[in-house]
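Beneath this line is the structure, given in structure tokens, with notes to follow.
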Amino acid sequence: MAQTDASRLEELQRHTEALRSGVQVEQIGTEAGTQLRRLLGLQDDALAAIYQNRILESIKFENIHERDDRVHYPHEKTFNWLIEDDETLENEATGMSKSETLDMHEMKSKSRELFMNWLSSSEGIFHISGKLGSGKSTE
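Everything in the sequence shown is counted per the UniProt record's numbering, starting at 1 for the first residue and increasing by one.
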């Protein structure tokens, strides 16, 4: 593949150089000039594509899709705590003390308010942090 790219590049460079050195026009129309500039610019595009392909091929490894293949579909209730009101979620607070329930509702209310403000502002990134498995997306 690298040999094919190299030979294509050499051929493209020869043709481009022939165009550049062979064109001796005193006056050229606007449309023809635009087309010629576009044609000569193709070499830069081809070079960029070849370099990009070489870089991607050099970092490619056998199990490149393995991690992505292991990602599971999200639970149907993912992030419900962030978008649904407290009344809907009250039934899910079983097994918690009253103070834990109040703390949880306060945290969810503050988070919901911040999230809604972020949605309406369309600025920046909304980041939810917490320990692994702490329920950032499902609690």
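Idealized CB from N, CA, C, for every residue including glycine.
Using a Cβ-Cβ cut-off of 8 Å (strictly less than) and excluding sequence neighbours within five positions of residue 47, which residues of its own chain qualify? Position 47 of the sequence shown, counted from the start, is the residue given in the question as residue 47. So the qualifying residues of the chain are 9.
Please determine, among 32, 39, 33, the residue with the shortest C-alpha to C-alpha distance to residue 17. Numbered from its first residue, the sequence shown carries residue 17 at position 17. It is 39.
Residue 142 versus residue 77: straight-line alpha-carbon distance, rounded: Residue 142 cannot be examined here, being either before or after the span of the chain that is shown, 1 to 139.
For residue 19 and residue 60, I'd like the C-alpha separation in whole angstroms. Walking along the sequence shown from the start, residue 19 turns up at place 19. Walking along the sequence shown from the start, residue 60 turns up at place 60. Distance between the alpha carbons of residue 19 and residue 60 is about 37 Å.
To the nearest angstrom, report how far apart residue 30 and residue 12 are at their CA atoms. Along the sequence shown, read from residue 1 onward, the residue named residue 30 stands at position 30. Along the sequence shown, read from residue 1 onward, the residue named residue 12 stands at position 12. Each residue's alpha carbon lies about 25 Å from the other.
Closest Cα partner of residue 54 within the set 129, 5, 123: Stepping through the sequence shown from its first residue, residue 54 is reached at position 54. Ranking the options by Cα distance to residue 54, first place goes to 5.
Quick check: what's the CA-CA separation for residue 37 versus residue 28? By one-based count along the sequence shown, residue 37 stands at place 37. By one-based count along the sequence shown, residue 28 stands at place 28. Roughly 12 Å separates the two Cα atoms.
Considering just the uninterrupted stretch of the alpha helix (DSSP H) at residue 53, what are its terminal residues? As a working mapping, residue 53 is identified with position 53 in the sequence shown. Looking at the DSSP string, the run of the alpha helix (DSSP H) that includes residue 53 is 30-59.
Locate the alpha helix (DSSP H) running through residue 108, then write down its first and last residues. Position 108 of the sequence shown, counted from the start, is the residue given in the question as residue 108. It spans 98-121 - the alpha helix (DSSP H) in which residue 108 sits, taken as one unbroken run.
If you reduce the DSSP assignment to three classes, tell me which class residue 63 lands in. Mapped onto the sequence shown, residue 63 falls at position 63. Residue 63 falls in the coil class under three-state DSSP.
Skipping 5 residues on each side, what residues in its chain have a beta carbon closer than 6 Å to that of residue 80? Counted from its first residue, the sequence shown places residue 80 at position 80. Here the set comprises nothing.
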